[in-house]
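Undergrad: The structure that follows is given in the form of C-alpha cells.
There are 2 protein chains.
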Amino acid sequence: MKNYDPAQICVVADSKLLSLLPETEYPVLGIDIREADKSLETVARIWDFLFEHDITRSGLLICIGGGALTDMGGFAAATYKRGIDYINIPTTLLAMIDASVGGKTGVNYNGLKNSIGAFYPPVGTLLCPDWLKTLPSEQLLSGFAEMLKTGLLSGSALFTRLLQYDLAAMDTDALMPLVTDCIRVKRRIVEADPQEKGQRKALNLGHTVGHALEEVSITSGGPALPHGYAVLYGLITELYLSAVKFGCPREPLQQLTDLMIHYYGRIQCKCSDRDRLLELMRQDKKNEHATDINCTLLGDVGQPLVNQLISPDEMNEALDYLFSL
Amino acid sequence: MKNYDPAQICVVADSKLLSLLPETEYPVLGIDIREADKSLETVARIWDFLFEHDITRSGLLICIGGGALTDMGGFAAATYKRGIDYINIPTTLLAMIDASVGGKTGVNYNGLKNSIGAFYPPVGTLLCPDWLKTLPSEQLLSGFAEMLKTGLLSGSALFTRLLQYDLAAMDTDALMPLVTDCIRVKRRIVEADPQEKGQRKALNLGHTVGHALEEVSITSGGPALPHGYAVLYGLITELYLSAVKFGCPREPLQQLTDLMIHYYGRIQCKCSDRDRLLELMRQDKKNEHATDINCTLLGDVGQPLVNQLISPDEMNEALDYLFSL
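Order-wise, the sequence lines are chains A and B.
So for the first sequence, our numbering puts the first residue at 1399; every next one is plus one.
So for the second sequence, our numbering puts the first residue at 1399; every next one is plus one.
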C-alpha cells in the first residue's frame, strides 16, 4: 500500500465503536448506523467531513464498522472528487465475509436496497479477529448465513465443514479459519467477474428473496430482519426452487431448514406482504427482466446456475414452503 | 456497441432541445439546464426517471445536451444500480471537445464545481456536426477556447491551425476537422492516464484559474462566465506564470491576449473577489497541497508541466496581469 500524508487521512466509524478505537491523530467522524440511515444524506455527511478536512484526491478514508458503514464510506470515497482511496476495517462477521471483498458500495434509495452505488474496491481490508468477540450472537448468526451461502457455492467440502461448526458454542477462534476460506472463495468469484456481468451473480444466491424479505421487514415498521437471517430464509426458498426446477438434492435444503429451526427461528409473513415481496424481487437491481424474477439457483452444492427466470407462480409456491415451516 | 432491449433505453435531454429531436419511441426526460442545476437533486431526478421506467442493469441511458447535461447523465448512469451503460450526444462545441471524451462525470457540490462525481466513460459518443449550426457565437467561442488549450498541449502545428481559423466568420464546416483533431489529442492523453494520476493533468491547463473565475462569477450573482471564456482567461494567467517561472515564450501569451481582446472581451474582477479566487484554487479537486496552488503550466507550446506549485503571491501577480489587460 502506498504511503499517505498523515494530514490527508480521515476515519469514519460506527459511533457505537468509538470507545473501542485506539487513540488516533486522524479526524474521526462517528456515524449512528441503523439500516434506515444508509442513505445519500449520510454519504453527504461523509463528503462534508472530507471537505472540512481539506482531503485531496491523494487522501485516504478509513472505514470502521459493519457492512452499512463500509458500504456508505466506500460510496463516499468512490464519488468524492471523482474517487479517493479507502480502507475497510470490518467489525462484524457479515462485513468481513460479505462487504470486505468485491468493491460493492452504495446506499438505499427510493425504498430499494443499494439501488444507488458504485463498484469501487478498497485499497485494503484489515481483518481483526478480536472484533468478533464484541458481537452478540444474533450478529454472528447473521454473518454465518453468508458463510453458508459461500459454502453452497464452493462445494461440499467447505459446506460440510460449516455444518460441523458448533453454532451453540460459537467459538470465534474456531470460526476464523472458516472466515478466511469463505473470503478466499468470494475473492476468486469476484476477481473472475468484477462488474457482475455473469458468474459473479452466483454470489446472489439467497439474496433475491432475502433482500425482499429484509425490505418488507424494514418498511413494515417492525424490527428489521438482520441481513443474514433474511439470506438464510432466502437460501431455503431458493434451494426449494432449485430442487423443484433442477433436481438439486433436498439434503442441503433440509440441513438449512434444521439450522433455521434450531438457531434462527421461523419467519412470519402477512399475506398482504406477498405482492410487495414479488414486486421487490422484480425490481432487484440484478434483475434484467420485467415480468419474471431473476434468481441464482443450484444444480447441486457447488454448482450455481445464474440468471434463472422464475415466474411469480413458482416463486409463490416456494414462499409457501418457507412460510409453512 | 451491443444491442439493447428497446424497452430498456431511456433518453435524458436538455429541455430546450426537445423540439429539435426526432420522434422517438423511448421515454425522454427533459432537464432545464443552468449551471446552478448541475446538482445532486437533478441527478436524483434522472435516477427516479430510470426507476420509473424499470431500467435494469442491462439498460442504456442516452444523454443529449451540453457538458452539464452529459456530466449529470453520466454520473446518474455511473451510480444507478452501481452502473449502467450510457451514450453521449454532445450538442455544444464545448461538450464535443471537452465532455465527450474522458469519462469524467459529476455534479457541483458544496459550492465547488464537479466536486462529487466518478470516472465512468460512455460506451459511445455520437458527434453530429449539425448541432454546431444551432449554437450562438458565444457558445462557439466558449468551445473554441478549449480547442486552443488542446492546441497548446499538442504542439505548434495544431495550435497554428487554430490561430488561423477565422473566428469572425465562424464557419462550422471548416471547424469540424479541427474538432476531430482536438478530440484525437484529448483521447490520446486520457487513454494514457484514465484516472488522472499524472499526465492527464496536462488537460487541466487554464482550468485551475478558469474554474475559480467561473465559480466566483456564479456565486456573485451576476451572469455566469461561460466555461470556455473562463478557460481562456485561465490560459492567459497560466501562460503568464509559464513565462515568468519557466521561460515559456511570450508569443502564445500575446496571441491569446489578442484573441481575447478581439473576440471574448476583457474580464472584470472586484478586489474583494481576490481572496475567494485563491481559496477556490487551493480547494480544486486536482490540488493535492494545502497551501500552494497546483497548476499545469507550459515549458513551451506542446510541453506541458503538470503538478507545478504556485505560491499565493505568484498567483496574485499573474492575476494582476490578467485584470490589467
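For each residue, glycine too, the CB sits at the ideal point set by N, CA and C.
Can you tell me where the alpha helix (DSSP H) holding A:T1617 begins and where it ends?
TA: Taking the first sequence and counting its residues from 1, the one referred to as residue 1617 of chain A is at position 219. Run containing A:T1617: H1605 to T1617, per the alpha helix (DSSP H) assignment.
Undergrad: My assumption, with CB atoms under 8 Å, is that B:A1442 sits in contact with A:A1476. Please give the rounded CB distance.
TA: Counting from 1 along the second sequence, the entry for residue 1442 of chain B is found at position 44. Counting from 1 along the first sequence, the entry for residue 1476 of chain A is found at position 78. Contact flag wrong, Cβ pair sits at about 17 Å.
Undergrad: Could you have a look at B:D1483 and say whether DSSP puts it in helix, strand or coil?
TA: Here residue 1483 of chain B refers to the residue found at position 85 of the second sequence. B:D1483 falls in the strand class under three-state DSSP.
Undergrad: Along chain B, in chain order, which residues have C-beta atoms closer than 7 Å to that of A:G1515?
TA: Position 117 of the first sequence holds residue 1515 of chain A. In chain order: T1477 and R1480.
Undergrad: Just the chain A side, please: which residues come within less than 7 Å of B:F1449 by C-beta, in chain order?
TA: Working through the second sequence from its first residue, we reach residue 1449 of chain B at position 51. Near B:F1449 (Cβ distances below 7 Å), the residues of chain A are N1508.
Undergrad: With a threshold of 6 Å on Cβ separation, who are the neighbours of A:Y1507 within its own chain once the five nearest residues in sequence on each side are excluded?
TA: The count along the first sequence starts at 1 and reaches residue 1507 of chain A at position 109. These residues qualify, in order along the chain: S1513 and I1514.
Undergrad: Would you give the residue range spanned by the alpha helix (DSSP H) that B:G1392 belongs to?
TA: Because chain B in this structure spans residues 1399 to 1723, residue 1392 of chain B falls outside the shown range and cannot be described.
Undergrad: Among A:L1717, A:I1634 and A:M1658, which residue has its Cα nearest to the Cα of A:R1648?
TA: What you label residue 1648 of chain A is simply residue 250 of the first sequence in a count that begins at 1. Answer by Cα proximity: A:I1634.
Undergrad: For A:E1450, which of B:V1699, B:L1720 and B:L1510 has the nearest alpha-carbon?
TA: As a working note, residue 1450 of chain A is residue 52 in the first sequence. Among B:V1699, B:L1720 and B:L1510, the Cα nearest to that of A:E1450 belongs to B:L1510.
Undergrad: Could you work out which residues of chain B lie near A:G1504, taking near to mean beta carbons separated by less than 7 Å?
TA: As a first step, residue 1504 of chain A must be located in the first sequence, where it is residue number 106. Within chain B, the residues near A:G1504 are R1480.
Undergrad: Assuming A:A1543 and A:G1626 are in contact, meaning their beta carbons sit under 8 Å apart, how far apart are those beta carbons, in whole angstroms?
TA: Taking the first sequence and counting its residues from 1, the one referred to as residue 1543 of chain A is at position 145. Taking the first sequence and counting its residues from 1, the one referred to as residue 1626 of chain A is at position 228. With 8 Å as the limit, A:A1543 and A:G1626 qualify as a contact, their Cβ atoms being about 4 Å apart.
Undergrad: At 9 Å on the CB atoms, spell out the chain A contacts of B:W1445, in chain order.
TA: In the second sequence, counting from the first residue as 1, residue 1445 of chain B sits at position 47. Result: Y1507, N1508, S1513 and I1514.
Undergrad: For A:F1430, which residues of its own chain have a beta-carbon under 7 Å away from its beta-carbon, when the five flanking residues on both sides are left out?
TA: What you label residue 1430 of chain A is simply residue 32 of the first sequence in a count that begins at 1. What sits at residue 1430 of chain A in the sequence shown is Asp, not Phe. Closer than 7 Å at Cβ, skipping near neighbours: S1413.
Undergrad: Going by CA-CA distance only, name the one from A:I1665, A:S1417, A:Y1662 and A:G1472 that's closest to A:C1408.
TA: For the purposes of this step, residue 1408 of chain A is identified with residue 10 of the first sequence, where counting begins at 1. Nearest of A:I1665, A:S1417, A:Y1662 and A:G1472 to A:C1408, Cα basis: A:G1472.
Undergrad: Could you tell me whether any non-hydrogen atom of the ligand PLP is closer than 7 Å to the CB of B:D1435?
TA: You won't find the ligand PLP in this model; it holds no ligand whatsoever.
Undergrad: Check whether the Cβ atoms of A:G1463 and A:Y1518 sit closer than 8 Å, and answer yes or no.
TA: For the purposes of this step, residue 1463 of chain A is taken as residue 65 along the first sequence, with counting starting at 1. For the purposes of this step, residue 1518 of chain A is taken as residue 120 along the first sequence, with counting starting at 1. Contact flag unset, no.
Undergrad: Using only the alpha-carbon positions, how far apart do B:A1487 and B:T1422 sit?
TA: For the purposes of this step, residue 1487 of chain B is taken as residue 89 along the second sequence, with counting starting at 1. For the purposes of this step, residue 1422 of chain B is taken as residue 24 along the second sequence, with counting starting at 1. Note on identity: in this sequence residue 1487 of chain B is Ile, with Ala being the wrong assignment. Distance between the alpha carbons of B:I1487 and B:T1422: 15 Å.
Undergrad: Using a threshold of 8 Å, state whether the C-beta atoms of A:L1696 and A:L1637 are closer than that.
TA: The count along the first sequence starts at 1 and reaches residue 1696 of chain A at position 298. The count along the first sequence starts at 1 and reaches residue 1637 of chain A at position 239. Result yes, Cβ atoms of A:L1696 and A:L1637 sit closer than 8 Å.
Undergrad: With 16 other CB atoms within 10 Å as the buried threshold, where does B:Q1652 fall?
TA: As a first step, residue 1652 of chain B is located in the second sequence; it is residue number 254 there, counting from the start. The residue in question, B:Q1652, is exposed, as its Cβ has fewer than 16 Cβ neighbours within 10 Å.
Undergrad: Does the distance from the C-beta atom of B:V1740 to that of B:S1554 stay below 8 Å?
TA: The structure shown does not extend to residue 1740 of chain B, since chain B is modelled only from 1399 to 1723, so the question has no answer here.
Undergrad: Please state whether the Cβ-Cβ distance between A:T1694 and A:K1599 is less than 8 Å.
TA: Locating residue 1694 of chain A in the first sequence gives position 296, counting from the first residue. Locating residue 1599 of chain A in the first sequence gives position 201, counting from the first residue. Their beta carbons are under 8 Å apart, which means A:T1694 touches A:K1599 by this criterion.
Undergrad: Just the Cα atoms here: how many angstroms apart are B:P1425 and A:D1690?
TA: The residue you call residue 1425 of chain B lines up with position 27 of the second sequence. The residue you call residue 1690 of chain A lines up with position 292 of the first sequence. So the alpha carbons of these two residues sit roughly 22 Å apart.
Undergrad: Is it the case that the Cβ atoms of B:L1538 and B:M1568 are separated by a distance below 8 Å?
TA: On the second sequence, position 140 is the one that residue 1538 of chain B refers to. On the second sequence, position 170 is the one that residue 1568 of chain B refers to. For B:L1538 and B:M1568, yes; Cβs fall inside 8 Å.
Undergrad: With A:Y1719 as the anchor, note down where its alpha helix (DSSP H) starts and where it stops.
TA: Taking the first residue of the first sequence as position 1, residue 1719 of chain A is located at position 321. Residues P1710 to S1722.
Undergrad: Using CA coordinates, which residue listed in B:N1705, B:T1468, B:M1470 and B:D1452 is at the minimum distance from B:S1640?
TA: Translated into the one-based positions of the second sequence, residue 1640 of chain B becomes position 242. Out of B:N1705, B:T1468, B:M1470 and B:D1452, B:N1705 has the C-alpha closest to the C-alpha of B:S1640.
Undergrad: Under the rule that 16 or more other beta-carbon atoms within 10 Å means buried, what is A:G1620, buried or exposed?
TA: The count along the first sequence starts at 1 and reaches residue 1620 of chain A at position 222. Classification for A:G1620: exposed.
Undergrad: Based on the DSSP secondary-structure assignment, which residues constitute the bridge partners of B:Q1701?
TA: If you number the second sequence from 1, residue 1701 of chain B lands on position 303. DSSP, once it has assigned bridges, lists B:D1698 as partnering B:Q1701.
Undergrad: For A:Q1706, which of helix, strand or coil comes out of DSSP?
TA: As a working note, residue 1706 of chain A is residue 308 in the first sequence. Three-state DSSP puts A:Q1706 in a strand.
Undergrad: Nearest to A:K1547 by CA position, among A:T1570, A:D1469 and A:L1654, is which residue?
TA: To locate residue 1547 of chain A, count along the first sequence from 1; it is residue 149. Nearest option by C-alpha distance: A:L1654.
Undergrad: Can you give me the C-alpha to C-alpha distance between B:D1718 and A:G1500, rounded to a whole angstrom?
TA: Taking the second sequence and counting its residues from 1, one reaches residue 1718 of chain B at position 320. Taking the first sequence and counting its residues from 1, one reaches residue 1500 of chain A at position 102. Each residue's Cα considered, the two are about 51 Å apart.
Undergrad: Whole angstroms is fine: what's the gap from B:L1675's alpha carbon to B:G1632's?
TA: Position 277 of the second sequence holds residue 1675 of chain B. Position 234 of the second sequence holds residue 1632 of chain B. Distance between the alpha carbons of B:L1675 and B:G1632 is about 12 Å.
Undergrad: So, is B:G1465 buried or exposed, given that buried needs 16 or more other C-beta atoms within 10 angstroms?
TA: For the purposes of this step, residue 1465 of chain B is taken as residue 67 along the second sequence, with counting starting at 1. So B:G1465 ends up on the buried side.
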